[in-house]
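Asker:
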Amino acid sequence: MTDLAVFTATMAHQRPPRLLYYAKFSQDLQRRLVAHTGRADVEEYFGFFRPVVLAPKRPPDIAPPDYSSYWADRPLPTGTTFNSDGVAMVPSGFYHFWGYVSPLSEAESLSEIEQYPLDDLSRFDYSHMADIVAGAHAAGGVVMGSIGHIYERAWQIRGYEQFLVDLLERPAWAECLLERICCQNIIKAEAYARVGADYLFCGDDVANQNNLMFAPKIWRKFIHSRWQRVWEAARRINPRIHIWYHSDGNIISIIPELIEAGVDILNPLQPECLDVDAVYRSYGDRIVFDGTIGTQSTMPFGTPTDVRARVREVVEKYGEHGGLIISPTHLLEPDVPIANVEAFVDACREYGALT
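Structure below.
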(Lines of atoms letter the chains of each structure in order from A and count residues from 1; the text may use other names and numbers.)
(Lines give C-alpha, C1' and ligand atoms only; values in the text may rest on other atoms or scores of the structure.)
Protein backbone atom coordinates (compact mmCIF):
# COMPACT_ATOMS: atom_id res chain seq x y z
CA MET A 1 0.00 0.00 0.00
CA THR A 2 1.41 3.40 -0.96
CA ASP A 3 2.09 6.20 1.51
CA LEU A 4 -0.79 8.13 -0.05
CA ALA A 5 -3.22 5.27 0.53
CA VAL A 6 -1.98 4.81 4.10
CA PHE A 7 -2.22 8.56 4.74
CA THR A 8 -5.77 8.62 3.38
CA ALA A 9 -6.81 5.76 5.65
CA THR A 10 -5.04 7.32 8.62
CA MET A 11 -6.86 10.62 8.13
CA ALA A 12 -10.20 8.78 7.87
CA HIS A 13 -9.46 6.92 11.13
CA GLN A 14 -9.60 3.65 9.27
CA ARG A 15 -7.21 0.84 10.16
CA PRO A 16 -4.37 0.94 7.61
CA PRO A 17 -2.13 -2.06 6.91
CA ARG A 18 0.80 -0.11 8.37
CA LEU A 19 1.42 3.12 10.24
CA LEU A 20 3.47 5.98 8.86
CA TYR A 21 6.52 6.96 10.92
CA TYR A 22 9.45 9.35 10.72
CA ALA A 23 12.08 11.21 12.72
CA LYS A 24 14.25 14.25 12.13
CA PHE A 25 17.87 14.56 13.19
CA SER A 26 20.24 17.29 14.29
CA GLN A 27 23.22 17.77 11.99
CA ASP A 28 25.65 15.86 14.20
CA LEU A 29 23.34 12.90 14.71
CA GLN A 30 22.59 12.85 10.98
CA ARG A 31 26.33 12.72 10.27
CA ARG A 32 26.84 9.83 12.69
CA LEU A 33 23.88 7.92 11.28
CA VAL A 34 25.24 8.27 7.75
CA ALA A 35 28.57 6.89 8.94
CA HIS A 36 26.89 4.11 10.92
CA THR A 37 24.56 2.93 8.17
CA GLY A 38 26.81 3.64 5.21
CA ARG A 39 23.84 5.27 3.50
CA ALA A 40 23.77 8.94 2.54
CA ASP A 41 19.97 9.00 2.59
CA VAL A 42 19.23 7.60 6.03
CA GLU A 43 15.59 8.68 5.85
CA GLU A 44 15.04 6.44 2.83
CA TYR A 45 17.08 3.68 4.46
CA PHE A 46 14.85 3.78 7.54
CA GLY A 47 11.65 3.89 5.48
CA PHE A 48 10.46 7.22 6.86
CA PHE A 49 7.28 8.96 5.78
CA ARG A 50 8.51 11.81 3.59
CA PRO A 51 5.89 13.99 1.93
CA VAL A 52 6.74 16.00 -1.15
CA VAL A 53 6.99 19.65 -0.12
CA LEU A 54 5.49 22.51 -2.12
CA ALA A 55 6.82 26.05 -1.93
CA PRO A 56 6.52 29.11 -4.18
CA LYS A 57 9.46 30.25 -6.30
CA ARG A 58 10.85 33.75 -6.43
CA PRO A 59 10.78 35.00 -10.05
CA PRO A 60 14.22 36.01 -11.32
CA ASP A 61 13.11 39.61 -11.85
CA ILE A 62 11.98 40.07 -8.22
CA ALA A 63 14.87 40.82 -5.90
CA PRO A 64 14.70 39.86 -2.21
CA PRO A 65 13.90 42.74 0.15
CA ASP A 66 16.91 44.84 1.10
CA TYR A 67 17.39 44.74 4.86
CA SER A 68 20.88 46.25 4.94
CA SER A 69 19.72 49.56 6.41
CA TYR A 70 18.45 47.78 9.52
CA TRP A 71 21.92 46.46 10.29
CA ALA A 72 24.18 49.30 9.15
CA ASP A 73 24.98 50.46 12.68
CA ARG A 74 24.47 47.20 14.56
CA PRO A 75 27.59 45.02 14.79
CA LEU A 76 26.91 41.30 14.60
CA PRO A 77 29.17 38.34 15.42
CA THR A 78 31.08 36.41 12.78
CA GLY A 79 28.96 33.63 11.36
CA THR A 80 25.69 35.58 11.50
CA THR A 81 23.25 34.82 8.70
CA PHE A 82 19.85 36.29 7.86
CA ASN A 83 16.56 34.54 7.25
CA SER A 84 14.09 35.52 4.54
CA ASP A 85 12.41 38.05 6.86
CA GLY A 86 15.67 39.91 7.50
CA VAL A 87 16.13 38.51 11.01
CA ALA A 88 19.75 38.03 12.10
CA MET A 89 20.54 34.46 13.15
CA VAL A 90 23.55 34.40 15.44
CA PRO A 91 25.34 31.10 16.14
CA SER A 92 24.82 30.14 19.77
CA GLY A 93 27.64 27.61 19.97
CA PHE A 94 25.12 25.01 21.16
CA TYR A 95 24.26 22.39 18.56
CA HIS A 96 21.93 23.73 15.87
CA PHE A 97 20.36 26.49 17.93
CA TRP A 98 20.49 30.16 16.94
CA GLY A 99 20.13 33.42 18.74
CA TYR A 100 17.78 35.86 17.02
CA VAL A 101 18.53 39.56 16.66
CA SER A 102 15.39 41.37 15.57
CA PRO A 103 15.48 44.17 12.99
CA LEU A 104 12.49 46.01 14.50
CA SER A 105 13.50 45.65 18.14
CA GLU A 106 14.15 49.39 18.35
CA ALA A 107 11.07 50.52 16.40
CA GLU A 108 9.52 53.72 17.75
CA SER A 109 6.39 54.05 15.63
CA LEU A 110 3.66 52.06 13.94
CA SER A 111 4.80 53.39 10.57
CA GLU A 112 8.11 51.56 10.95
CA ILE A 113 6.21 48.28 11.21
CA GLU A 114 3.92 49.21 8.33
CA GLN A 115 6.89 50.02 6.10
CA TYR A 116 9.05 47.02 7.01
CA PRO A 117 9.80 45.21 3.72
CA LEU A 118 8.19 41.81 3.31
CA ASP A 119 7.84 39.85 0.08
CA ASP A 120 4.70 40.27 -2.00
CA LEU A 121 3.91 36.57 -2.44
CA SER A 122 1.15 37.32 -4.93
CA ARG A 123 3.94 38.01 -7.43
CA PHE A 124 5.71 34.70 -6.83
CA ASP A 125 5.63 31.72 -9.21
CA TYR A 126 3.31 28.82 -8.39
CA SER A 127 3.05 27.39 -11.91
CA HIS A 128 5.38 24.46 -11.19
CA MET A 129 3.29 23.04 -8.37
CA ALA A 130 0.49 21.29 -10.26
CA ASP A 131 2.97 19.03 -12.04
CA ILE A 132 4.70 18.25 -8.74
CA VAL A 133 1.41 17.21 -7.17
CA ALA A 134 0.42 15.09 -10.16
CA GLY A 135 3.78 13.33 -10.19
CA ALA A 136 3.80 12.71 -6.46
CA HIS A 137 0.28 11.31 -6.45
CA ALA A 138 1.00 9.10 -9.45
CA ALA A 139 3.93 7.65 -7.50
CA GLY A 140 1.79 7.11 -4.40
CA GLY A 141 3.29 10.01 -2.48
CA VAL A 142 1.75 12.59 -0.15
CA VAL A 143 2.04 16.33 -0.85
CA MET A 144 2.51 18.96 1.83
CA GLY A 145 2.08 22.70 1.33
CA SER A 146 4.56 24.53 3.54
CA ILE A 147 2.97 27.53 5.27
CA GLY A 148 5.18 28.08 8.33
CA HIS A 149 4.32 30.41 11.18
CA ILE A 150 2.51 33.62 12.09
CA TYR A 151 3.29 34.39 15.74
CA GLU A 152 6.87 33.09 15.59
CA ARG A 153 7.75 35.15 12.54
CA ALA A 154 6.23 38.23 14.16
CA TRP A 155 8.22 38.03 17.37
CA GLN A 156 11.42 37.24 15.50
CA ILE A 157 11.02 40.39 13.42
CA ARG A 158 9.94 42.60 16.32
CA GLY A 159 11.84 41.01 19.22
CA TYR A 160 10.37 38.58 21.72
CA GLU A 161 9.93 40.86 24.71
CA GLN A 162 8.96 43.81 22.55
CA PHE A 163 6.28 41.81 20.77
CA LEU A 164 4.75 40.52 24.01
CA VAL A 165 4.59 44.10 25.30
CA ASP A 166 3.00 45.17 22.01
CA LEU A 167 0.20 42.64 22.51
CA LEU A 168 -0.82 44.41 25.71
CA GLU A 169 0.28 48.02 25.37
CA ARG A 170 0.51 48.66 21.62
CA PRO A 171 -1.97 46.18 20.10
CA ALA A 172 -2.11 48.06 16.79
CA TRP A 173 1.60 47.37 16.34
CA ALA A 174 1.15 43.65 16.96
CA GLU A 175 -1.94 43.52 14.75
CA CYS A 176 -0.10 45.20 11.90
CA LEU A 177 2.76 42.72 11.80
CA LEU A 178 0.59 39.67 12.37
CA GLU A 179 -1.84 40.77 9.66
CA ARG A 180 0.89 41.25 7.08
CA ILE A 181 2.23 37.77 7.77
CA CYS A 182 -1.27 36.29 7.78
CA CYS A 183 -1.96 37.72 4.32
CA GLN A 184 1.21 36.11 3.00
CA ASN A 185 0.11 32.77 4.43
CA ILE A 186 -3.35 33.05 2.89
CA ILE A 187 -1.77 33.49 -0.54
CA LYS A 188 0.29 30.33 -0.08
CA ALA A 189 -2.59 28.33 1.39
CA GLU A 190 -4.87 29.18 -1.53
CA ALA A 191 -2.18 28.25 -4.04
CA TYR A 192 -1.56 24.88 -2.38
CA ALA A 193 -5.28 24.17 -2.22
CA ARG A 194 -5.73 24.92 -5.93
CA VAL A 195 -3.15 22.36 -7.01
CA GLY A 196 -4.42 19.60 -4.72
CA ALA A 197 -1.93 19.44 -1.86
CA ASP A 198 -2.93 16.84 0.71
CA TYR A 199 -2.24 18.98 3.76
CA LEU A 200 -0.98 22.34 4.99
CA PHE A 201 2.04 22.41 7.29
CA CYS A 202 1.74 25.21 9.83
CA GLY A 203 1.92 26.15 13.48
CA ASP A 204 3.37 28.30 16.23
CA ASP A 205 4.95 27.42 19.56
CA VAL A 206 2.43 29.08 21.87
CA ALA A 207 2.93 27.05 25.06
CA ASN A 208 5.58 26.11 27.59
CA GLN A 209 5.84 22.93 29.65
CA ASN A 210 2.85 23.87 31.78
CA ASN A 211 0.46 26.14 29.89
CA LEU A 212 -0.01 28.75 27.19
CA MET A 213 2.53 31.55 27.07
CA PHE A 214 -0.22 34.15 27.28
CA ALA A 215 -3.88 34.38 28.23
CA PRO A 216 -6.23 32.38 25.99
CA LYS A 217 -8.11 35.55 25.02
CA ILE A 218 -4.85 37.03 23.69
CA TRP A 219 -4.17 33.87 21.68
CA ARG A 220 -7.70 33.87 20.27
CA LYS A 221 -7.74 37.52 19.27
CA PHE A 222 -4.29 37.94 17.80
CA ILE A 223 -3.13 34.51 16.64
CA HIS A 224 -5.88 31.91 16.37
CA SER A 225 -8.26 34.21 14.50
CA ARG A 226 -5.66 34.62 11.78
CA TRP A 227 -4.93 30.93 11.47
CA GLN A 228 -8.67 30.39 11.09
CA ARG A 229 -8.67 32.72 8.10
CA VAL A 230 -5.74 30.88 6.52
CA TRP A 231 -7.43 27.50 6.88
CA GLU A 232 -10.82 28.79 5.75
CA ALA A 233 -9.23 30.30 2.64
CA ALA A 234 -7.69 26.96 1.71
CA ARG A 235 -10.84 24.96 2.36
CA ARG A 236 -13.03 27.29 0.33
CA ILE A 237 -10.98 26.11 -2.63
CA ASN A 238 -10.36 22.50 -1.58
CA PRO A 239 -12.61 21.30 1.26
CA ARG A 240 -10.65 18.04 1.48
CA ILE A 241 -7.28 19.58 2.31
CA HIS A 242 -6.00 18.61 5.75
CA ILE A 243 -4.49 20.95 8.35
CA TRP A 244 -1.33 19.87 10.22
CA TYR A 245 -0.67 22.08 13.23
CA HIS A 246 2.38 22.17 15.49
CA SER A 247 2.87 23.65 18.91
CA ASP A 248 5.29 22.44 21.53
CA GLY A 249 4.23 22.47 25.16
CA ASN A 250 0.97 21.98 27.00
CA ILE A 251 -1.75 23.17 24.64
CA ILE A 252 -4.50 20.97 26.05
CA SER A 253 -6.68 23.99 26.87
CA ILE A 254 -6.90 25.07 23.22
CA ILE A 255 -7.20 21.71 21.46
CA PRO A 256 -11.02 21.93 21.20
CA GLU A 257 -10.75 25.31 19.47
CA LEU A 258 -8.07 24.05 17.10
CA ILE A 259 -10.28 21.13 16.10
CA GLU A 260 -13.30 23.39 15.70
CA ALA A 261 -11.24 25.63 13.40
CA GLY A 262 -10.31 22.70 11.18
CA VAL A 263 -7.06 21.24 12.50
CA ASP A 264 -7.08 17.50 11.91
CA ILE A 265 -3.42 16.55 12.49
CA LEU A 266 -1.86 17.66 15.78
CA ASN A 267 1.88 17.60 16.46
CA PRO A 268 3.83 16.81 18.64
CA LEU A 269 1.77 15.86 21.74
CA GLN A 270 4.69 15.85 24.16
CA PRO A 271 4.09 13.25 26.89
CA GLU A 272 6.27 15.26 29.29
CA CYS A 273 3.91 18.25 28.98
CA LEU A 274 0.38 16.89 28.69
CA ASP A 275 -1.64 13.76 29.32
CA VAL A 276 -1.72 12.19 25.87
CA ASP A 277 -4.11 9.47 27.05
CA ALA A 278 -6.58 12.13 28.18
CA VAL A 279 -6.28 13.93 24.86
CA TYR A 280 -6.99 10.68 23.05
CA ARG A 281 -10.01 9.88 25.21
CA SER A 282 -11.49 13.30 24.50
CA TYR A 283 -10.49 13.92 20.89
CA GLY A 284 -8.95 10.76 19.45
CA ASP A 285 -11.84 10.20 17.06
CA ARG A 286 -11.61 13.75 15.69
CA ILE A 287 -7.90 14.32 15.25
CA VAL A 288 -4.83 12.45 14.02
CA PHE A 289 -1.88 12.27 16.41
CA ASP A 290 1.59 12.97 14.97
CA GLY A 291 4.29 12.51 17.60
CA THR A 292 3.91 11.12 21.16
CA ILE A 293 7.45 9.65 21.44
CA GLY A 294 9.18 11.76 24.09
CA THR A 295 12.40 13.58 23.26
CA GLN A 296 12.81 14.87 26.81
CA SER A 297 12.63 11.34 28.18
CA THR A 298 12.49 8.13 26.17
CA MET A 299 14.64 8.89 23.14
CA PRO A 300 17.70 10.44 24.86
CA PHE A 301 17.54 8.75 28.27
CA GLY A 302 15.74 5.44 27.76
CA THR A 303 17.23 2.15 26.66
CA PRO A 304 16.42 0.54 23.31
CA THR A 305 13.99 -1.66 25.23
CA ASP A 306 12.29 1.46 26.61
CA VAL A 307 12.01 2.93 23.12
CA ARG A 308 10.46 -0.24 21.74
CA ALA A 309 8.03 -0.38 24.65
CA ARG A 310 6.92 3.21 24.13
CA VAL A 311 6.34 2.70 20.40
CA ARG A 312 4.32 -0.43 21.12
CA GLU A 313 2.31 1.44 23.76
CA VAL A 314 1.34 4.31 21.47
CA VAL A 315 0.43 1.95 18.63
CA GLU A 316 -1.81 -0.11 20.90
CA LYS A 317 -3.40 2.95 22.53
CA TYR A 318 -3.78 5.35 19.62
CA GLY A 319 -3.11 3.57 16.34
CA GLU A 320 -5.20 0.43 16.14
CA HIS A 321 -7.94 2.24 14.22
CA GLY A 322 -5.77 4.66 12.26
CA GLY A 323 -5.37 8.22 13.41
CA LEU A 324 -1.66 7.94 14.29
CA ILE A 325 1.62 8.94 12.67
CA ILE A 326 4.51 7.84 14.88
CA SER A 327 7.30 10.35 15.45
CA PRO A 328 9.53 11.78 18.16
CA THR A 329 8.21 15.05 19.52
CA HIS A 330 11.23 17.08 18.33
CA LEU A 331 14.17 16.54 16.07
CA LEU A 332 16.60 14.16 17.74
CA GLU A 333 19.61 15.85 19.32
CA PRO A 334 23.18 14.50 19.45
CA ASP A 335 22.61 12.94 22.88
CA VAL A 336 20.19 10.37 21.43
CA PRO A 337 22.03 7.03 21.09
CA ILE A 338 22.11 5.48 17.65
CA ALA A 339 20.83 2.27 19.23
CA ASN A 340 17.68 4.15 20.27
CA VAL A 341 17.14 5.43 16.74
CA GLU A 342 17.41 1.89 15.42
CA ALA A 343 15.06 0.64 18.15
CA PHE A 344 12.53 3.31 17.17
CA VAL A 345 12.64 2.29 13.51
CA ASP A 346 12.51 -1.44 14.24
CA ALA A 347 9.56 -0.98 16.61
CA CYS A 348 7.66 1.19 14.13
CA ARG A 349 8.11 -1.46 11.47
CA GLU A 350 7.14 -4.32 13.77
CA TYR A 351 4.30 -2.87 15.83
CA GLY A 352 3.13 -0.49 13.11
CA ALA A 353 2.40 -3.41 10.78
CA LEU A 354 -1.29 -3.77 11.62
CA THR A 355 -2.17 -6.61 9.24
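Under this note's numbering, the first residue of the sequence shown carries the number 921, and numbering increases by one thereafter. Glycine included, each C-beta is placed from N, C-alpha and C at the ideal position. This one's a predicted model, so the numbers in the text were calculated from it and none came from an experiment.
By alpha-carbon positions, which one of Thr1275, His1144, Tyr1271 and Glu1253 ends up nearest to Ala943?
Answerer: Within the sequence shown, the letter at position 23 stands for residue 943. Ranking Thr1275, His1144, Tyr1271 and Glu1253 by Cα distance to Ala943 puts Glu1253 first.
Asker: Quick one: measure Cβ to Cβ for Asp1040 and Phe969, integer angstroms, because I've assumed they're closer than 8 Å.
Answerer: For the purposes of this step, residue 1040 is identified with residue 120 of the sequence shown, where counting begins at 1. For the purposes of this step, residue 969 is identified with residue 49 of the sequence shown, where counting begins at 1. Contact doesn't hold; Cβ gap of about 34 Å is too wide.
Asker: Ordered along the chain, which non-local residues of its own chain (more than five positions away) have a Cβ less than 8 Å from that of Glu1099?
Answerer: Residue numbering aside, residue 1099 sits at position 179 when the sequence shown is read from its first letter. Arg1146.
Asker: Does the Cβ-Cβ distance between Ser1167 and Gly1123 come in under 7 Å?
Answerer: Position 247 of the sequence shown, counted from the first residue, corresponds to residue 1167. Position 203 of the sequence shown, counted from the first residue, corresponds to residue 1123. Closer than 7 Å, so yes.
Asker: In the DSSP assignment, what are the bridge partners of His1166?
Answerer: As a first step, residue 1166 is located in the sequence shown; it is residue number 246 there, counting from the start. Answer by DSSP bridge pairing, in chain order: Gly1123 and Asn1187.
Asker: Is Gly1169 near Pro1188, with beta carbons less than 7 Å apart?
Answerer: Residue 1169 sits at position 249 when you count from the first residue of the sequence shown. Residue 1188 sits at position 268 when you count from the first residue of the sequence shown. No. Outside cutoff.
Asker: Starting from the Cα of Lys1137, find the closest Cα among Phe1017, Val926, Ser1173 and Asp1195 and give me that residue.
Answerer: Counting from one through the sequence shown, the residue named residue 1137 turns up at place 217. Out of Phe1017, Val926, Ser1173 and Asp1195, Ser1173 has the C-alpha closest to the C-alpha of Lys1137.
Asker: Relative to the C-alpha of Val1062, which residue among Phe1121, Ala1229, Gly1204 and Asn1131 is closest?
Answerer: Counting from 1 along the sequence shown, the entry for residue 1062 is found at position 142. Val1062 has its Cα closest to that of Phe1121, out of Phe1121, Ala1229, Gly1204 and Asn1131.
Asker: Taking the alpha carbon of Ile1175 as the point to measure from, which residue in Pro1159, Asn1131 and Ala1074 has its own alpha carbon closest?
Answerer: The residue labelled residue 1175 in the question sits at position 255 within the sequence shown. Taking only the C-alpha atoms, the option nearest Ile1175 is Asn1131.
Asker: The beta strand (DSSP E) with Phe1209 in it runs from where to where?
Answerer: Within the sequence shown, residue 1209 is the residue found at index 289, counting from 1. Val1208 to Ile1213 is the span of the beta strand (DSSP E), which, as asked, contains Phe1209.
Asker: Is it the case that the Cβ atoms of Arg1114 and Ile1077 are separated by a distance below 7 Å?
Answerer: What you label residue 1114 is simply residue 194 of the sequence shown in a count that begins at 1. What you label residue 1077 is simply residue 157 of the sequence shown in a count that begins at 1. Not closer than 7 Å, so no.
Asker: Report yes if the C-beta distance between Gly1006 and Ser1012 is below 7 Å; otherwise report no.
Answerer: Position 86 of the sequence shown, counting from 1, holds the residue named residue 1006. Position 92 of the sequence shown, counting from 1, holds the residue named residue 1012. Result no, Cβ atoms of Gly1006 and Ser1012 do not sit closer than 7 Å.
Asker: Under DSSP, the alpha helix (DSSP H) around Phe1033 begins and ends at which residues?
Answerer: Working through the sequence shown from its first residue, we reach residue 1033 at position 113. With the sequence shown as reference, residue 1033 is identified as Ile, and Phe is not the correct amino acid for it. Residues Leu1030 to Glu1034.
Asker: Quick check for students: name the residue ranges of the alpha helix (DSSP H) that lie wholly in the segment 929-983, counting only runs of 4 or more.
Answerer: Runs of the alpha helix (DSSP H) inside the segment 929-983: 947-957 and 962-966.
Asker: For Asp1266, which option in Ala1229, Gly1239 and Leu996 has the closest C-alpha, if you only look at C-alpha atoms?
Answerer: Locating residue 1266 in the sequence shown gives position 346, counting from the first residue. Comparing Cα positions, the closest option is Ala1229.
Asker: Using the Cβ count rule (16 or more neighbours within 10 Å means buried), how would you classify Glu1180?
Answerer: Working through the sequence shown from its first residue, we reach residue 1180 at position 260. It counts as exposed.
Asker: For His1162, count neighbouring Cβ atoms within 10 angstroms of its own Cβ and tell me buried if that reaches 16, exposed if not.
Answerer: Locating residue 1162 in the sequence shown gives position 242, where the first residue counts as 1. Classification for His1162: buried.
Asker: Between Pro1159 and Lys1108, what straight-line distance do the alpha-carbon atoms span, to the nearest angstrom?
Answerer: Translated into the one-based positions of the sequence shown, residue 1159 becomes position 239. Translated into the one-based positions of the sequence shown, residue 1108 becomes position 188. If I take the Cα positions, the gap works out to 16 Å.
Asker: Buried or exposed: Asp1027, going by 16 or more other Cβ atoms within 10 Å of its Cβ?
Answerer: For this step, residue 1027 is matched to residue 107 along the sequence shown. Going by the sequence as given, residue 1027 is Ala instead of Asp. That one is buried.
Asker: Going by the beta-carbon positions, is the gap between Tyr941 and Ile1246 smaller than 7 Å?
Answerer: Looking up residue 941 in the sequence shown gives position 21. Looking up residue 1246 in the sequence shown gives position 326. Taking 7 Å as the Cβ cut-off, Tyr941 and Ile1246 qualify as a contacting pair.
Asker: Kindly list the residues whose CB is nearer than 8 Å to the CB of Gly1060, restricted to its own chain and excluding five residues on each side of it in sequence; keep chain order.
Answerer: For the purposes of this step, residue 1060 is identified with residue 140 of the sequence shown, where counting begins at 1. The answer, listed in chain order, is Thr922, Asp923, Leu924 and Ala925.
Asker: Using DSSP with H/G/I as helix, E/B as strand and the rest coil, what is Ile1143?
Answerer: Here residue 1143 is taken as the residue at index 223 of the sequence shown, counted from 1. In the structure shown, Ile1143 sits in a helix (DSSP, three-state: H, G or I).
Asker: Just to confirm the assignment, what range does the alpha helix (DSSP H) spanning Tyr1271 have?
Answerer: For the purposes of this step, residue 1271 is identified with residue 351 of the sequence shown, where counting begins at 1. Tyr1271 -> alpha helix (DSSP H) spans Ile1258 to Tyr1271.
Asker: Apart from the five residues just before and just after Val1150, which ones in its own chain have a Cβ nearer than 6 Å to its Cβ?
Answerer: The residue labelled residue 1150 in the question sits at position 230 within the sequence shown. Same-chain partners within the cutoff: Asn1105, Ile1106 and Ala1109.
Asker: Apart from the five residues just before and just after Arg1232, which ones in its own chain have a Cβ nearer than 6 Å to its Cβ?
Answerer: Along the sequence shown, read from residue 1 onward, the residue named residue 1232 stands at position 312. Within the same chain, Arg1232 has close Cβ partners Tyr1271.
Asker: Classify Met1009 as helix, strand or coil using the three-state DSSP reduction.
Answerer: Sequence index remark: in the sequence shown, residue 1009 carries index 89 (1-based). In the structure shown, Met1009 sits in a strand (DSSP, three-state: E or B).
Asker: Count the other CB atoms, across all protein chains shown, that sit within 10 Å of the CB of Phe1014; report buried if there are 16 or more and exposed otherwise.
Answerer: Along the sequence shown, one-based indexing puts residue 1014 at 94. Answer is exposed; the Cβ neighbour count stays below 16.
Asker: Where do the ends of the beta strand (DSSP E) carrying Tyr1020 lie?
Answerer: For the purposes of this step, residue 1020 is taken as the residue at position 100 of the sequence shown. From DSSP, the beta strand (DSSP E) with Tyr1020 extends over Trp1018 to Val1021.
Asker: Starting from Gly1065, trace the beta strand (DSSP E) both ways and give me its first and last residue.
Answerer: Position 145 of the sequence shown, counting from 1, holds the residue named residue 1065. Per DSSP, Gly1065 belongs to the beta strand (DSSP E) from Val1063 to Gly1068.
Asker: Taking 8 Å as the threshold, find out whether the segment 1048-1057 comes into contact with the segment 926-937 through three or more Cβ pairs.
Answerer: Too few Cβ pairs lie closer than 8 Å, so no.
Asker: Of the residues Gln950, Gly967 and Ile1143, which one's Cα is nearest the Cα of Leu939?
Answerer: Walking along the sequence shown from the start, residue 939 turns up at place 19. For the residues Gln950, Gly967 and Ile1143, the minimum Cα distance to Leu939 belongs to Gly967.
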